[in-house]
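Everything below concerns the one structure shown next.
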Amino acid sequence: MSPAGTKRKKQAHGIARAHPRWWPTWLGLALLRVSVFLPLAFTRAFGRVVGRAAKRIAPERRHITRVNLALCFPDKSDAERERLTDRHFAAIGESLFETAFAWWAPSHRLLALRRFRGLEHLEAARARGRGVIVVTGHFLNIDIGGQLLAATVPLGTTYAPPRNPIVARVTQGARGRYFQHLIHHANVRATVRALRNGEMIGHIPDQGGKGIDAHFFGQRAPSHIATAKLARMTGAPVVPHHPVRLDDGTYELRFEPALEDFPGDDLTAATQRINNTIEAHVRATPEQYLWSHRRFKPRDGGWTYLRERYGFIPAATTAPIWLHCASVGEVTTAAPLVAALTDAGLGPIVVSTSTPTGRERACQALPHAVARVYLPLDRPRPVERFLTRLRPRAALILETELWPHLIAALHRRSIPIALVNARLSRRSLEAPRWWRRAAAWCLDHMTAIWARSAPDRAALVRLGAPPERVATLGSLKLAAPTGESPAAVTLNRAFVLAASTHADEEERLALAWTRHACSGAMLAIAPRHPERGPAIARRLRGHGLAVAQRSRGEAPPADGIYLADTLGELTGLMAAAHLVIMGGSFIAHGGQNVVEAARAGRAIITGPSLENFAQETAGLEAAGALVRTEAVEAAVATADRLLTEADERRAMERAGHAWMGHQTQTLARYRERVAQLLADS
């Protein structure tokens with residue numbers, strides 16, 4: 033091209049970038065650039081507000097996030113997952129401003145934020161002289177973490193440019209601030225060349241789109257094998273890296289030893305190892321991971337979903353018992369019941385769901401012999417077609433799925449219908465009159481309604497359910513078999529466990545504990561998010577308290593606080609503790625799961641905020657296994673009393689054990705009712 037032609041092309045490109053369609057982009061970038069002059073704590077707080085606002089106005093991303101979290105954390109309650117969704121969107125807003133800070137803030141302000149854990153592992157891999165692949169997941173703070181690392185050690189990175197050309201141009205220039213070079217993710221040759229030259233390259237593996245069929249959080253997630261291929265082609269060691277935003281506003285860059293014998297002969301197995309490593313990092317800081325991206329591949333969707341929603345299920349799909357579960361949470365709740373019915377020889381069973389993610393969960397959680405289909409649309413023809421092919425002898429519908437056309441068709445065919453684990457929220461009772469009338473009609477056409485609790489039974493009767501058909505059988509969520517008891521984590525001295533605590537609770541509990549002395553027992557604190565351990569320890573030491581951290585291998589102190597900031601040991605600690613104080617209940621959080629402490633056979637003390645586990649706490653409190661207090665001081669005073677009054681403490685333990693024993697009979701009660709329903713059909 034001639035110089036004149038090149039000049040005209042540059043002018044045209046400049047005019048295109050000045051087009052009014054790009055003005056909002058330029059304005060947003062300008063605001064982010066100006067935000068660098070403000071304190072980072074202020075802009076991050078403002079970012080949290082922006083993120084929560086984005087949650088309201090971005091329904092598609094909100095839906096993707098909720099589905100991903102339901103698939104990855106089926107053991108969490110709906111309320112817990114919704115709070116995690118809220119924290120995630122707040123973290124997205126924070127990441128906007130911290131990314132701008134990473135790009136444009138003065139070096140002395142930026143570099144003051146870095147901390148390291150395990151940097152020696154990176155240096156050891158670098159010393160091999162074969163280059164290093166620094167692998168991490170799609171965390172929201174990856175930009176600021178990458179800049180902090182690149183400012184410390186020589187580092188290049190692969191990247192995928194944003195679709196917006198203005199943002200792509202600005203991003204490329206800003207990321208080049210500390211990185212030695214940026215390599216387009218499709219330029220494999222340049223990446224291989226850099227690694228063979230002994231350079232360190234940051235790399236982010238992808239899930240979603242095309243890739244091999246590996247698993248992530250137990251779900252099928254098409255995963256790219258680029259990391260394994262690069263390691264095989266170059267012999268470069270792979271060092272896992274996890275950037276973490278700490279509560280005090282700093283960033284800790286964590287490194288693990290290079291993966292041994294990687295990639296090996298099997299690239300699929302190697303890619304699974306990478307997914308497992310990233311999964312462990314995500315579990316440590318779930319809100320800091322990018323959940324608003326479609327990462328999972330449902331087993332069935334598209335044509336299968338459309339065909340079955342219109343009632344065209346496979347012709348061979350027949351069974352005496354048909355159980356409907358709306359989506360992921362309901363499938364998880366129903367899994368113990370399905371297993372119990374199958375073991376009792378009451379099958380075959382067909383399970384229907386309304387969503388592809390629910391069907392995916394059914395494929396994982398239910399026995400292989402259980403057939404899975406989609407629920408038909410609640411229209412006469414799809415429903416009739418579905419029932420004609422299915423020919424069930426009994427229909428079981430989980431919780432609150434009330435479909436008038438479906439229930440009417442079942443009633444016409446004289447197929448008994450039971451509402452299982454039935455529940456009703458206060459919101460449902462306050463719904464518009466037309467909805468309550470429709471719900472009452474559906475309830476009146478049920479053969480049996482098996483409520484999960486007495487309050488749910490009362491609410492269902494109030495809505496219009498015939499009282500003689502409503503029985504309280506218990507909650508299926510509490511009926512899951514416990515499996516083997518975990519080994520007790522002994523600390524070689526008597527201790528009380530503050531379990532699943534949240535920010536602000538640790539300080540208040542520790543200070544109150546110090547004032548009471550509590551019969552010579554030690555307070556062990558197991559935070560809900562163990563990665564907060566260092567920040568908690570600093571705050572407690574700021575009050576002059578002696579603190580030992582389990583994550584650092586420190587022995588329990590003779591006179592101080594033991595911080596159990598490790599993953600996977602909570603139930604073992606509960607088994608060894610003298611009693612348990614449940615966190616999340618002394619702040620406006622709604623409490624944490626008290627059932628695990630009851631299963632461990634421990635007396636339980638809580639604060640006043642328990643709405644997330646209202647049914648469980650009410651049951652344990654009524655049984656005499658749990659003491660609800662109004663404040664931290666009262667909780668610690670109660671703990672001191674129970675340590676002294678061993679007989680009262682043991683009575684609470686026995687009461688909790690008896691209550692849990694009653695819950696384990698729930699499956700038997702449901703199994704007997706289903707057998708009777710079949711016998712009467």
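According to my numbering, the sequence shown is numbered sequentially starting from 33.
Ideal Cβ positions, reconstructed from N, Cα and C, are used throughout, including at glycine.
No experiment lies behind these values; they were computed from the predicted model shown.
Just to confirm the assignment, what range does the alpha helix (DSSP H) spanning residue i have?
i, result
"Gly693", "Ala678 to Thr696"
"His153", "Leu151 to Arg158"
"Thr203", "Pro197 to Arg207"
"Ile176", "Ile174 to Ala182"
"Arg76", "Leu72 to Ile89"
"Ser139", "Ser139 to Leu143"
Looking at the structure shown, is residue i part of a helix, part of a strand, or coil, going by DSSP?
i, result
"Arg660", "strand"
"Leu434", "coil"
"Phe133", "helix"
"Ile619", "coil"
"Arg703", "helix"
"Asp245", "strand"
"Thr190", "strand"
"Thr504", "strand"
"Phe418", "helix"
"Arg252", "strand"
"Ser532", "strand"
"Leu369", "helix"
"Val99", "helix"
"Ala607", "helix"
"Arg634", "coil"
"His548", "helix"
"Ala119", "Correcting the residue identity first, residue 119 is Arg in this sequence and not Ala. In this structure, Arg119 counts as helix in the three-state DSSP scheme."
"Leu577", "coil"
"Pro52", "helix"
"Ala526", "coil"
"Ala569", "helix"
"Gly234", "strand"
"Ser713", "coil"
For the beta strand (DSSP E) holding residue i, just list the boundary residues, first then last.
i, result
"Pro559", "Met554 to Pro559"
Measure the C-alpha to C-alpha separation of residue i and residue j and round it to an integer number of angstroms.
i, j, result
"His325", "His170", "10 Å"
"Ala690", "Glu284", "45 Å"
"Asp679", "Ile636", "15 Å"
"Arg331", "Arg93", "Any reading at Arg331 must be qualified, since the residue scores a pLDDT of 49, below 50, and its modelled position is unreliable; the value itself is stated next. Spanning the two alpha carbons is a distance of roughly 21 Å."
"Ala123", "Gln320", "6 Å"
"Thr698", "Thr385", "23 Å"
"Leu262", "Leu227", "9 Å"
"Trp54", "Asn196", "9 Å"
"Leu541", "Ala312", "29 Å"
"Tyr702", "Gln708", "10 Å"
"Pro487", "Leu555", "36 Å"
"Ile257", "Ala301", "10 Å"
"Ile215", "Asn173", "20 Å"
"Pro408", "Trp473", "20 Å"
"Glu539", "Val626", "21 Å"
"Glu155", "His400", "48 Å"
"Ala544", "Pro566", "21 Å"
"Phe121", "Trp323", "9 Å"
"Met606", "Gln624", "14 Å"
"Gly693", "Ala558", "27 Å"
"Glu704", "Gly656", "29 Å"
"His153", "Thr364", "40 Å"
"Ala454", "Arg393", "21 Å"
"Leu428", "Leu456", "17 Å"
With distance defined between alpha-carbon atoms, name the residue in the options nearest to residue i.
i, options, result
"Gln396", "His217, Leu172 and Pro106", "Pro106"
"Pro499", "Ala258, Trp482, Leu510 and Leu508", "Trp482"
"Ser617", "Arg147, His534, Trp545 and Arg465", "His534"
"Arg98", "Phe328, Met265, Ala620 and Leu419", "Phe328"
"Lys87", "Arg76, Ser359, Phe69 and Gly125", "Gly125"
"Ala61", "Leu181, Ala206 and Leu116", "Residue identity check: residue 61 is Leu in the sequence provided, not Ala. Comparing Cα-Cα distances from Leu61 to each of Leu181, Ala206 and Leu116, the minimum goes to Ala206."
"Ala200", "Asp597, Thr57, Ala111 and Gly361", "Thr57"
"Ala480", "Val493, Gly651 and Ala470", "Val493"
"His235", "Pro186, Met606 and Val270", "Val270"
"Arg634", "His621, Gly623, Glu643 and Leu652", "Leu652"
"Arg560", "Thr546, Glu537, Gly552 and His575", "Glu537"
"Pro10", "Arg147, Thr190, Ile198 and Leu378", "With the chain covering 33 to 713 only, the question about residue 10 has no answer from this structure."
Would you say residue i faces chain C, with C-beta separation under 8 Å as the test?
i, result
"Ala123", "You won't find chain C in this structure, because it holds only one protein chain."
Checklist entry - Which whole runs of the beta strand (DSSP E) in the region 260-341 are 3 residues long or more, in chain order? => result 270-277 and 283-287
Checklist entry - Where in the region 439-508 do unbroken runs of the alpha helix (DSSP H), each at least 4 residues long, occur, reported from the N-terminal end onward? => result 458-461, 465-476 and 486-495
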